[in-house]
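Chemist: Protein chains in written order, with the working numbering: chain U, 16 to 126; chain B, 16 to 126; chain F, 16 to 126; chain G, 16 to 126.
Note that beta-carbon positions come from the ideal geometry of N, C-alpha and C, so glycine has one too.
Have a look at this one:
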């Protein structure tokens with residue numbers, strides 16, 4: 016697993032942009048959302064422990080999916096605007112690799 | 016929110032079946048999985064805090080979706096085999112209501 | 016591939032119910048929708064032939080998915096209300112098999 | 016609805032790339048797949064007309080979704096490699112607009 020590489024020197028055409036470090040507001044918002052999702056999962060655990068009705072548990076699972084999707088959507092937008100944009104502007108080989116990565120990411124990730 | 020109703024007296028044709036109370040093994044397995052999912056979400060929080068690469072974070076989000084889906088799938092199967100089966104056998108009105116609930120549940124829940 | 020079995024003699028508890036034959040209105044509506052979907056797919060073919068912008072083509076593909084989902088949803092509801100209800104009332108073994116089939120169907124089908 | 020704009024003069028860094036016109040092989044493959052999908056939808060129509068078992072019809076609907084997804088996936092890859100790459104290289108404003116469009120496209124389209 017890799018950390019974001021240190022920002023390279025920016026140029027007019029390729030704004031630095033390495034994701035979350037560029038966007039502290041998004042980072043904070045994402046961290047807050049993940050805390051909330053952690054709480055939702057703990058709530059699910061409690062619901063199962065208390066043997067709550069299946070339909071309720073399944074509905075709560077759907078809410079967690081929805082909340083995760085919202086996080087994923089913002090991170091994907093950020094990824095496109097920063098990492099993907101930088102790679103695509105860096106030349107044809109990195110652009111090509113990034114596009115393949117994006118398609119894989121989307122079809123695996125976006126549900 | 017409702018707890019499972021107390022099990023009614025079973026008959027040959029309509030096995031009691033009120034979800035998780037009937038199936039302690041599934042309950043334990045589900046609780047263990049939810050603990051693991053909680054850990055995965057905490058891991059996501061850490062990854063965002065450390066500003067790990069977006070593609071990694073998105074891949075990890077996809078894993079959480081997958082793990083939640085697996086929990087949902089088992090609970091849905093159990094719901095069908097117990098609660099839904101009991102409702103469908105209880106008469107036409109509860110059967111009808113249960114079928115509508117199932118369709119909604121599936122289209123909201125299953126992703 | 017199987018046709019629907021001929022309707023068995025109904026009883027108070029297990030209404031005949033073998034899907035579409037029981038519900039000519041749904042059958043007609045579904046056939047009309049499928050004709051429209053066929054037209055949408057032909058429209059897609061034309062769009063690709065004319066080299067229309069990718070975003071437009073992808074948006075049109077999303078519409079076809081949506082239209083198919085709507086057909087699937089109604090058929091699933093009908094399947095639950097007729098075939099699944101009949102199987103679940105027919106005894107524990109057919110009920111069990113039907114529930115497994117339903118879970119598979121949902122997780123393969125419902126997107 | 017827009018046709019693809021006429022190809023602008025290519026530069027070393029921004030290959031022309033306006034989608035399908037650049038890739039006649041993909042265009043042919045996509046057209047052939049769409050013809051096959053049209054046939055699948057006609058097959059669905061026939062199955063409903065003949066009142067085939069719901070589970071079969073639903074399984075066939077799932078196949079059409081799968082086939083459409085495969086078409087969408089290739090077109091999305093092509094869109095990224097051509098149109099999106101061109102827009103992202105054209106400057107910050109078109110890059111930004113394209114990234115927003117991509118996120119919307121993915122979350123609406125990719126299922």
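If you draw a straight line from the alpha carbon of residue 118(U) to that of residue 109(U), how long is it in whole angstroms?
Modeler: The count along the first chain starts at 1 and reaches residue 118(U) at position 103. The count along the first chain starts at 1 and reaches residue 109(U) at position 94. One C-alpha to the other measures close to 14 angstroms.
Chemist: Going along the chain, which residues of its own chain have a beta-carbon closer than 8 angstroms to the beta-carbon of residue 85(B), five neighbours each way excluded?
Modeler: Stepping through the second chain from its first residue, residue 85(B) is reached at position 70. Within the same chain, residue 85(B) has close Cβ partners 48.
Chemist: Going by DSSP, what residue range makes up the alpha helix (DSSP H) through residue 53(G)?
Modeler: Sequence index remark: in the fourth chain, residue 53(G) carries index 38 (1-based). That run of the alpha helix (DSSP H) goes 39-64.
Chemist: Drop a sphere of 10 angstroms on the beta-carbon of residue 106(F), count the other beta-carbons inside from all chains shown, and report buried for 16 or more, exposed for fewer.
Modeler: As a working note, residue 106(F) is residue 91 in the third chain. Result: exposed.
Chemist: At the 9 angstroms Cβ level, is residue 77(G) part of the contact set with chain F, yes or no?
Modeler: By 1-based counting over the fourth chain, the position of residue 77(G) is 62. Yes, its Cβ sits closer than 9 angstroms to a Cβ of chain F.
Chemist: Starting from residue 83(B) and walking both ways along the alpha helix (DSSP H), at which residues does that stretch end?
Modeler: Here the question's residue 83(B) lines up with position 68 in the second chain. Start and end: 69-94.
Chemist: For residue 83(F), would you say it is in contact with chain B, using Cβ-to-Cβ distances shorter than 9 angstroms as the test?
Modeler: Numbered from its first residue, the third chain carries residue 83(F) at position 68. Closer than 9 angstroms: no.
Chemist: Anything in chain B within Cβ reach of residue 100(F), meaning under 8 angstroms, just list it in chain order.
Modeler: The sequence position of residue 100(F) within the third chain is 85, counting from 1. By Cβ distance, chain B contributes 103, 110 and 114.
Chemist: So, are the CB atoms of residue 69(U) and residue 90(B) less than 9 angstroms apart?
Modeler: One-based indexing of the first chain puts residue 69(U) at position 54. One-based indexing of the second chain puts residue 90(B) at position 75. Contact: yes.
Chemist: Buried or exposed: where does residue 40(U) fall if 16 or more other Cβ atoms within 10 Å of its Cβ makes it buried?
Modeler: Here residue 40(U) is taken as the residue at index 25 of the first chain, counted from 1. Residue 40(U) comes out exposed.
Chemist: So that I know if they touch, is there some Cβ in chain U lying closer than 9 angstroms to that of residue 22(B)?
Modeler: Position 7 of the second chain, counted from the start, is the residue given in the question as residue 22(B). The pLDDT assigned to residue 22(B) is 42, lower than 50, so where the model puts this residue is not dependable; a value taken from the coordinates is nonetheless given after this. It does not; no Cβ of chain U falls within 9 angstroms.
Chemist: Indicate the three-state DSSP secondary structure (helix, strand or coil) for residue 99(G) in the structure shown.
Modeler: As a position in the fourth chain, residue 99(G) is number 84, starting the count at 1. Residue 99(G) falls in the helix class under three-state DSSP.
Chemist: Please work out which residues of its chain come closer than 8 angstroms, Cβ to Cβ, to residue 144(U), disregarding the five sequence neighbours upstream and downstream, and give them in chain order.
Modeler: Because chain U spans 16 through 126 in this model, residue 144(U) falls outside it and cannot be assessed.
Chemist: Could you tell me how far apart the beta carbons of residue 114(G) and residue 92(U) are, in whole angstroms, since I believe they sit closer than 8 angstroms?
Modeler: In the fourth chain, residue 114(G) corresponds to position 99, counting from 1. In the first chain, residue 92(U) corresponds to position 77, counting from 1. About 6 angstroms separates the two Cβ atoms, so the contact holds.
Chemist: Could you tell me the alpha carbon to alpha carbon distance between residue 102(F) and residue 120(F), rounded to whole angstroms?
Modeler: Within the third chain, numbered from 1, the residue matching residue 102(F) stands at position 87. Within the third chain, numbered from 1, the residue matching residue 120(F) stands at position 105. Going from the Cα of residue 102(F) to the Cα of residue 120(F) covers about 15 angstroms.
Chemist: For residue 118(G), would you say it is in contact with chain U, using Cβ-to-Cβ distances shorter than 9 angstroms as the test?
Modeler: The residue labelled residue 118(G) in the question sits at position 103 within the fourth chain. With 9 angstroms as the cut-off, residue 118(G) counts as an interface residue toward chain U.
Chemist: Taking only three categories from DSSP, how would you classify residue 112(B)?
Modeler: The residue labelled residue 112(B) in the question sits at position 97 within the second chain. DSSP places residue 112(B) in helix when its eight states are reduced to three.
Chemist: In chain C, which residues lie less than 8 angstroms from residue 93(G) when you measure between Cβ atoms?
Modeler: The structure shown contains no chain C; its protein chains are U, B, F and G.
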